[in-house]
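Contents: one structure, followed by commentary.
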Amino acid sequence: MSKQQTFRIITLQVGEYGNNSYILIDPLTLKSGLIDAAADAEKIIEQLKDTDLQFILTTHSHQDHWGALSELKAKFPDAKIGAHKLDSSGLPEPVDLNLNHGDTLLIGNIPLRVIHTPGHTDGSLCFVTGDYLFTGDTLFPGGPGHSTSSEALSREIESIVNNLYVLDRNINILPGHGPTTTIKDSMMEYKLYAARDHTEDLYGDILWNEK
1 MSKQQTFRII TLQVGEYGNN SYILIDPLTL KSGLIDAAAD AEKIIEQLKD TDLQFILTTH
61 SHQDHWGALS ELKAKFPDAK IGAHKLDSSG LPEPVDLNLN HGDTLLIGNI PLRVIHTPGH
121 TDGSLCFVTG DYLFTGDTLF PGGPGHSTSS EALSREIESI VNNLYVLDRN INILPGHGPT
181 TTIKDSMMEY KLYAARDHTE DLYGDILWNE K
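When you line the sequence shown up against the working numbering, it's residues 1 to 211, in that order.
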């Protein structure tokens, strides 16, 4: 993306699980995109009221990330719902766009690239634009998202290492819950994890620095 291009990001903490819903706005066109209509529809709608919502994107199929999806779609019927096909059946609304790894969406003039990161769920997605990476529940400060089996954890780590850690180290990670971090800091944490031996049946809530 050109250094002259600018965009706004609004972060909203919503719902009982402290989810982050993210709004991207192109100030030149006032086109917008929403990442995870998690909860508190009216709170999200208030921040979207002066924009033209193009996309409602869902990082994965867990209910706490789409609790306000139906209300948002009813309010903005022209906005296209996007998700990965492996998770789309778990959403309460039909998906308009089956998003695949490497796809690029344009929010006004803002290019938003799709990254498929299976592990937390089969259809987990991350989105990257400029210096910002939206990771849903794939990657948090301190470790990966919850995994339900050792195989799922292996897939998730492979997704993180091969698809996220290849990005610029100065990129900011904006997760589905909690505070931000950077690719650089996350990679440093992961090196501690990778340097240790782990049992073959490891999964669940993993911290990179946990012994």
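All C-beta atoms, glycine included, are put in the ideal place defined by N, C-alpha and C.
Keep in mind the model is a prediction, meaning the values are calculated, not measured.
*asked:* Once the 5 residues before and after threonine 181 are set aside, which same chain residues still bring their CB inside 7 Å of it?
replied: Position 181 of the sequence shown, counting from 1, holds the residue named residue 181. Taken in chain order, the residues that qualify are Pro141, Ile173.
*CB of leucine 202 within 9 Å of CB of serine 186, strictly*: As a position in the sequence shown, residue 202 is number 202, starting the count at 1. As a position in the sequence shown, residue 186 is number 186, starting the count at 1. No, the pair does not count as a contact, with Cβ atoms beyond the cut-off.
*Would you mind reading off the limits of the beta strand (DSSP E) that contains arginine 169?*
Residue 169 sits at position 169 when you count from the first residue of the sequence shown. In this chain, arginine 169 is not harboured by any beta strand (DSSP E), its DSSP state being neither H nor E.
*What distance in whole Å lies between the Cβ atoms of arginine 155 and glycine 204, which are believed to be in contact at a cut-off of 8 Å?*
As a first step, residue 204 is located in the sequence shown; it is residue number 204 there, counting from the start. As a first step, residue 155 is located in the sequence shown; it is residue number 155 there, counting from the start. 14 Å between Cβ atoms; not a contact.
*Put serine 21 into one of helix, strand or coil per three-state DSSP.*
Position 21 of the sequence shown, counting from 1, holds the residue named residue 21. Correct three-state label for serine 21: strand.
*Can a CB atom of chain C be found closer than 9 Å to the CB of arginine 155?*
This model lacks chain C altogether, as it is built from one protein chain only.
*asked:* Does the beta-carbon of leucine 164, which I'm using as the reference point, lie nearer than 8 Å to any heavy atom of the ligand GTP?
replied: Because no ligand of any kind appears in the structure shown, any question about the ligand GTP cannot be addressed here.
*Counted within 10 angstroms of its Cβ, other Cβ atoms place serine 149 as buried (16 or more) or exposed*: Here residue 149 refers to the residue found at position 149 of the sequence shown. Serine 149 should be labelled exposed.
_beta strand (DSSP E) runs wholly inside the region 46 to 124, at least 3 long, in chain order_ = 52 to 57, 80 to 83, 104 to 107, 110 to 116
*Pull up the CB-CB distance for aspartate 87 and threonine 121, whole angstroms please, since I reckon it's below 8 Å.*
Walking along the sequence shown from the start, residue 87 turns up at place 87. Walking along the sequence shown from the start, residue 121 turns up at place 121. About 6 Å; that satisfies the 8 Å criterion.
*asked:* Does the contact criterion of 3 or more C-beta pairs under 8 Å hold for the region 45 to 58 versus the region 66 to 73?
replied: yes
*Given isoleucine 35 as reference, the closest of Asp78, Gly176, Ser89 once Cα atoms are compared*: By one-based count along the sequence shown, residue 35 stands at place 35. Among Asp78, Gly176, Ser89, the Cα nearest to that of isoleucine 35 is on Gly176.
_On the DSSP bridge list, what partners appear for valine 14?_
In the sequence shown, the residue the question calls residue 14 occupies position 14. Answer by DSSP bridge pairing, in chain order: Asn19.
*Which residues mark the beginning and the end of the alpha helix (DSSP H) in which tyrosine 193 is found?*
Locating residue 193 in the sequence shown gives position 193, counting from the first residue. First-last of the alpha helix (DSSP H) with tyrosine 193: 183 to 194.
*With a Cβ-Cβ cutoff of 9 Å, do serine 159 and histidine 116 count as a contact?*
To locate residue 159, count along the sequence shown from 1; it is residue 159. To locate residue 116, count along the sequence shown from 1; it is residue 116. For serine 159 and histidine 116, yes; Cβs fall inside 9 Å.
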